[in-house]
Amino acid sequence: MKTKSFFVGFALCALFAGCRGTTGVVANAKLTKPSETTQVEPRWQRVKIQPKSDRKITLCQKLNPVWWFGNIDAPSPPEKYRTGERNRLFRWRIRNLGHNLTFYVMGIADKESERVGRYPERVFNPNGGWNVASSRYGFFWLPFASYQHGTFKFYLGWRDRGNFGFKLNL
């Protein structure tokens, strides 16, 4: 039941992100001052996301399946990546397989957008637990949810830079 309630709440937040009515105030709750050990969750924030570069991605590139599996942002590995090893370039390309697809075809990393959430500029909540956010580009709201507890990490959706992603570390 909690999972179903979460997903209903997540869908509502994705549709109506930015409303100030989601503060979680409970009727007849006893109000106390936060102590030094209590971590207070921040209010929902709205931030503008600017593309990392002025590079224009064309429609022809986005429709080309061969281009999807490249990495336009870092086509060659940095100096420190596996220096002196055989197949260094091949390993770099395999490591970043699908970069263009997740950032520019499925994602909105090349577009100016807006992101709403408690930690809109982060993938994970710095205090652990849930981080729910939503990115808006034009009429489209793109949801994101992440959870972190100990070594368990999970996220699904459009991340802080506009790229689509999924991660599950047990």
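In numbering that gives the first Met the number 0, the protein residues as written are 0 to 169.
Just so it is clear, CB atoms sit at the ideal spot from N, CA and C, and this is done for glycine as well.
Pairwise C-alpha distance: residue j and residue i
| i | j | result |
| --- | --- | --- |
| residue 113 | residue 135 | 5 Å |
| residue 127 | residue 47 | 24 Å |
| residue 34 | residue 62 | Only weak support exists for where residue 34 lies, its pLDDT of 49 falling under 50; the value from the coordinates is given anyway. One C-alpha to the other measures close to 54 Å. |
| residue 75 | residue 88 | 7 Å |
Three-state secondary structure assigned by DSSP to residue i
| i | result |
| --- | --- |
| residue 39 | coil |
| residue 49 | coil |
| residue 86 | coil |
| residue 160 | coil |
| residue 130 | strand |
Same chain, Cβ closer than 7 Å to residue i, neighbours up to 5 away in sequence not counted
| i | result |
| --- | --- |
| residue 105 | 163 |
Close Cβ partners of residue i (< 8 Å) along its chain, the five nearest in sequence each way excluded
| i | result |
| --- | --- |
| residue 185 | Since the first and last residues shown for the chain are 0 and 169, residue 185 lies out of range. |
| residue 24 | Confidence is the limiting factor: at residue 24 the pLDDT is only 40, short of 50, which leaves the residue's position unreliable and the question unanswerable from this model. |
| residue 49 | 111 |
| residue 169 | 150 and 151 |
| residue 84 | 90 |
Residues bridged to residue i [DSSP beta-bridge criterion]
| i | result |
| --- | --- |
| residue 155 | 144 and 165 |
| residue 136 | 139 |
Own chain, CB closer than 6 Å to residue i, minus 5 neighbours either side, in chain order
| i | result |
| --- | --- |
| residue 165 | 155 |
| residue 160 | 108 |
Any C-beta of chain D under 9 Å from that of residue i
| i | result |
| --- | --- |
| residue 117 | The question asks about chain D, but that chain is absent: this structure has only one protein chain. |
Discussion item. Three Cβ pairs or more, each shorter than 8 Å: is that satisfied between the region 95-102 and the region 68-85?
Written reply: Segments in contact, yes.
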